[in-house]
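Enquirer: Quick one: this structure, given as structure tokens, is what I'll be asking you about.
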Amino acid sequence: MPTDDALTAADLPPPLLTLPLPGGAAEECVAVEMPVALTVNGISQAVMLATPADLEDFALGFALNEGWISARQDLLDVEVLTQLDGIELALQVTAAREQQLKARRRMLAGRTGCGLCGLESLSQVSAVSPHPVQAPSLAPGALDRAVAALAPAQVLNARCGGLHAAAWCDRTGALQLAREDVGRHNALDKLCGALARRTEPAGDGFILMSSRASFELVHKTAMAGVGLLACMSAPSSLAIETAQKLGLQLWAFVREGRATRYA
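Convert by adding 703 to the 1-based position in the sequence shown; the result is the number in my numbering.
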């Protein structure tokens, strides 16, 4: 909810800052990382460290990936409130979803967005598991084509070099959507939110990440109904295991004309 410390929407911090280097001889552009709190119907749910860009997409994607809502229609409104100490994303959801959230009692502060933090026991892990997915049939050269298109789509990263990117590409490898953030999982949440606003099925394409392949990225990709995840760096063991269980096709080291399939 708004407070006396709330600023206007025009005061939303920029995603990048230009800062002087010690000595005052030069300046550098750096990515902004700041607290972003997510509340649902006035109740605090999570505090993330994120880049203040595409925040409405972030709110929708995070809510879907965390299971706070099951469809875009469950989210009635998102208000972006700039506070003196960060940003609040005030989500308004349907009464039915609010009751389910209260039952779960998931109060998550300072977490990494991995889809497991905040659970009370191991027995609850299955409660946040996505449904199995099916990989799309890619055209020859699709991964190479997508990788070549990723750097030009990283508009913010081109200026500071400190942001991850998540992109959705069609079966031919043509890049259709891209989102950026200091956190790889945040970038993917933003992308998932943007995908949820489209009418085209997300499962007809694949997701490309500029980062390593971790459990959280596999989890969020499957939650979005996408059956193929390609990452430019190495995978973790849990990412591979989770991809195998979900039927998700996982590629890593997708760069410079090479790619390794792990699941």
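Even for Gly, the Cβ is constructed at its ideal location relative to N, Cα and C.
Because the structure is a prediction, the values reported are computed rather than measured.
For a minimum of 4 consecutive residues, which ranges assigned as the alpha helix (DSSP H) are wholly contained in the segment 874-960?
Expert: You should have 887-899, 918-926 and 940-949.
Enquirer: How long is the line joining the alpha carbons of Ala-851 and Leu-931, rounded to whole angstroms?
Expert: Distance between the alpha carbons of Ala-851 and Leu-931: 18 Å.
Enquirer: Quick one: grab the DSSP three-state call for Pro-738.
Expert: Of the three classes helix, strand and coil, the one that applies to Pro-738 here is strand, per DSSP.
Enquirer: May I ask you to verify whether the segment 731-741 touches the segment 839-855, counting CB pairs closer than 8 Å and requiring at least 3?
Expert: At 8 Å Cβ cutoff, the stretches do not touch.
Enquirer: Do the segment 924-940 and the segment 873-885 make contact, defined as three or more Cβ pairs closer than 8 Å?
Expert: Flag = no, the segment 924-940 and the segment 873-885 do not touch.
Enquirer: Quick one: what does DSSP say Ala-793 is sitting in, helix, strand or coil?
Expert: Strand.
Enquirer: Rounded C-beta distance between Pro-938 and Leu-953? I'm assuming under 8 Å.
Expert: Correct: roughly 6 Å between the Cβ atoms.
Enquirer: Arg-887 and Leu-941 look like a contact to me (Cβ under 8 Å); what is the Cβ gap, rounded to whole Å?
Expert: Not really, about 15 Å apart at Cβ, beyond 8 Å.
Enquirer: Within the continuous beta strand (DSSP E) that includes Ala-749, where are the two ends?
Expert: From DSSP, the beta strand (DSSP E) with Ala-749 extends over 746-753.
Enquirer: Quick one: using the 10 Å Cβ neighbour count with 16 as the cut-off for buried, is Ala-849 buried or exposed?
Expert: Buried.
Enquirer: Using the beta-carbon count (16 or more within 10 Å), is Gly-896 buried or exposed?
Expert: Gly-896 should be labelled buried.
Enquirer: Pro-855 by DSSP, collapsed to three states: which one?
Expert: Correct three-state label for Pro-855: helix.
Enquirer: Going by C-alpha distance, which of Pro-716, Glu-782 and Ala-870 is nearest Asp-788?
Expert: Closest by alpha carbon: Pro-716.
Enquirer: Between Met-737 and the rest of its own chain, which residues show a CB-CB distance below 6 Å, the 5 nearest in sequence each way excluded?
Expert: These residues qualify, in order along the chain: Gly-789.
Enquirer: Quick check on the DSSP output: the beta strand (DSSP E) that includes Ala-868 runs from which residue to which?
Expert: 867-872 is the extent of the beta strand (DSSP E) around Ala-868.
Enquirer: By DSSP, does Gln-837 sit in helix, in strand, or in coil?
Expert: Gln-837: coil per DSSP, three-state reduction.
Enquirer: Would Gln-748 pass as a contact of Leu-758 if the rule is Cβ separation under 8 Å?
Expert: No, they are not a contact pair.
Enquirer: Measuring CB to CB, does Leu-891 end up less than 8 Å from Met-912?
Expert: Their beta carbons are under 8 Å apart, which means Leu-891 touches Met-912 by this criterion.
Enquirer: Within 10 Å of its beta-carbon, does Ile-746 have 16 or more other beta-carbons around it, so buried, or fewer, so exposed?
Expert: That one is exposed.
Enquirer: In this structure, how does DSSP classify Gly-726 when only helix, strand and coil are distinguished?
Expert: Coil, per DSSP.
Enquirer: Counting only beta-carbon separations shorter than 8 Å, does His-867 have a partner in chain C?
Expert: Absence of chain C from the displayed structure is noted, only one protein chain being present.
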